[in-house]
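Here is the structure we will look at, set down as structure tokens.
Number of protein chains: 2
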Amino acid sequence: MADISRPSASPGASPLFLREDEIRRGVELLYFGYTRLTNAIDQELAKQGLGRAHHRALYFIARQPDLTVGELLRLLAITKQSLGRVLKELHDRDLVVTKTGPLDRRQKLLRLTDSGGTLEAELFAQLRERLSAAYVTAGQESVTGFWHVLEGLVPESDRQMVFDLRKDKV
Amino acid sequence: MADISRPSASPGASPLFLREDEIRRGVELLYFGYTRLTNAIDQELAKQGLGRAHHRALYFIARQPDLTVGELLRLLAITKQSLGRVLKELHDRDLVVTKTGPLDRRQKLLRLTDSGGTLEAELFAQLRERLSAAYVTAGQESVTGFWHVLEGLVPESDRQMVFDLRKDKV
DNA sequence: GAGATATGTCAGCCATGTTGACGTATCTTG
DNA sequence: CAAGATACGTCAACATGGCTGACATATCTC
């Protein structure tokens, strides 16, 4: 992997120059990859009169049913006022229901309704389509590399939270 | 699409289920990786009273000096009215200058001023710090995998434009 | 019973995107 | 050369989704 470089430039090829180009390549690909992936669902969302903020909430609730409001706040890293607006709309459209926490009655556990689940599945299908095409083209080995680099971008303090999404809730 | 859902049902772990989990893992890591990386520069930007929109413009102008307004519009995929506001602010603060295109006098070529370049370099340093830490942890092989997957996420129609960022302008 | 915590909500502000309409300079082409 | 296309700028109005600050309620913990 020596040849990530841009050879034609300095023949001595200072490591600093190579490094900058590698970093910029990552920044750009991350930007375009992320924005183009999210674009994939905008049309579907617009049909429902919803925005990306709604999708993020739907996504995480689908991912971890019975998530509490507080946990969702930590995942999204926004204020409760902002989230409140979104959750209220999802609730008004019967996409999300809440129930009182069984252990701590102050908590509200979030869950998708049937129609909420259907909508999330439709949106997810778009993401799946794009991402699996990219996975297939790149190959399995690249996919694990992709994951490793991204994991390294998540600050230590958030990492456990992200990993926990893959566990079933108790 | 009902069958993809999460099957505590199938203990045999259908390939379909694994696929969903791989896709969700990618979606989440991309979300957290991207947002946390961009968070890295928010504080620096806030000091200057600038926002992310300004940074995106600065970044691409730094990346490809003498970029035209039209090229920048295509990269950012926003309306000229939105970009106009941002460029005006950057110009008012003496971070960006324009000159008339030498071949086509309708065009305006964008370039950073000295102070614009300094600011962009400071912001880039933050990105470099985060990304290179992630690169080092993941290893060079992972980095190329990371690039490959992301390239696959960029639609065919945009890919050339993205690759051209790595070329010097004529 | 006092204080901390989880949640909700009112009110207003800001950044950054959108559409639609229109103006000017310059290039291209019949 | 005249007519139309193109590159850029700008006015006005509006939507989305963040933010701060302040305050209320229910519930848990000590």
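Protein chains in written order, with the numbering used here: chain A, 1 to 170; chain B, 1001 to 1170.
Here a beta-carbon is modelled for each residue, glycine too, at the ideal position from N, C-alpha and C.
Remember, it's a predicted structure, so these values are computed and weren't measured experimentally.
- Going by C-alpha positions, R1105 (chain B) is about 13 Å away from G1070 (chain B).
- Residue A:L150 holds the alpha-carbon nearest to the alpha-carbon of A1134 (chain B) among A:N39, A:L150 and A:L131.
- Contacts between H1148 (chain B) and chain A, judged by CB atoms closer than 7 Å, involve A138 and S142 in chain order.
- The region 1070-1106 of chain B contains, as complete beta strand (DSSP E) runs of 3+ residues, the segments 1096-1100 (chain order).
- For R166 (chain A), there is no enclosing alpha helix (DSSP H), as DSSP gives it neither H nor E.
- Taking 8 Å as the threshold, the shortest C-beta distance from A1046 (chain B) to chain A does not fall below it.
- Secondary structure of T1118 (chain B) (DSSP, three-state): helix.
- For D94 (chain A), the closest of A:Q48, A:K80 and A:T79 by C-alpha to C-alpha distance is A:Q48.
- Taking the C-beta atoms as reference points, F1146 (chain B) is found no nearer than 8 Å to V162 (chain A).
- Our two residues, L103 (chain A) and V97 (chain A), have alpha carbons roughly 18 Å apart in a direct line.
- Straight-line spacing of the CA atoms in T1118 (chain B) and L1090 (chain B) works out to 13 Å.
- Taking a 10 Å sphere around the C-beta of R1024 (chain B), we find 16 or more other C-beta atoms and assign the residue as buried.
- If you draw a 10 Å sphere on the C-beta of R159 (chain A), you find fewer than 16 other C-beta atoms in it, and that means exposed.
- Straight-line spacing of the CA atoms in F60 (chain A) and D164 (chain A) works out to 12 Å.
- None of the residues of the region 1095-1106 of chain B has a beta carbon lying less than 9 Å from any beta carbon of chain A.
- Around the beta-carbon of G26 (chain A), 16 or more other beta-carbon atoms lie within 10 Å, marking it buried.
- S142 (chain A) counts as buried, since no fewer than 16 other beta carbons sit within 10 angstroms of its beta carbon.
- With its beta carbon at least 8 Å from every one in chain B, D164 (chain A) lies outside the interface.
- Close partners of A1134 (chain B) in chain A (Cβ separation under 7 Å): V149, G152 and L153.
- Between the alpha carbons of A40 (chain A) and T1068 (chain B) lies a distance of about 27 Å.
- DSSP, reduced to helix, strand and coil, places L45 (chain A) within a helical segment of the structure shown.
- With 16 or more other CB atoms across the displayed protein chains lying within 10 angstroms of its CB, V154 (chain A) is buried.
- The alpha-carbon of H1148 (chain B) is positioned some 21 Å away from that of T1038 (chain B).
- The C-beta of A46 (chain A) has fewer than 16 other C-beta atoms within 10 Å across all chains shown, which makes the residue exposed.
- Around the CB of V136 (chain A), fewer than 16 other CB atoms lie within 10 Å, so the residue is classed as exposed.
- Neighbours of L29 (chain A) in chain B, taken as residues whose beta carbon is under 7 Å from its own, are W1147, L1150 and E1151 in chain order.
- The shortest CA-to-CA distance from E156 (chain A) to any of B:L1058, B:K1167, B:R1130 and B:L1076 is the one to B:R1130.
- Between E89 (chain A) and chain B, the shortest Cβ-Cβ separation is not below 8 Å.
- Pairing E120 (chain A) with E44 (chain A) gives a Cβ-Cβ distance that is not under 8 Å.
- Counting along the chain, L1110 (chain B) sits inside the beta strand (DSSP E) bounded by residues K1108 to L1112.
- By the neighbour-count criterion, in which 16 or more other beta carbons inside 10 Å mark a residue as buried, Q64 (chain A) falls on the buried side.
- Taking C-beta atoms as the reference points, A57 (chain A) and L73 (chain A) fail to come closer than 8 Å.
- A distance below 7 Å between beta-carbons, with the five flanking residues on each side excluded, links S115 (chain A) to the following residues of its chain, in chain order: D94 and L95.
- With contacts defined as CB atoms closer than 8 Å, L87 (chain A) and K99 (chain A) fail to qualify as a contacting pair.
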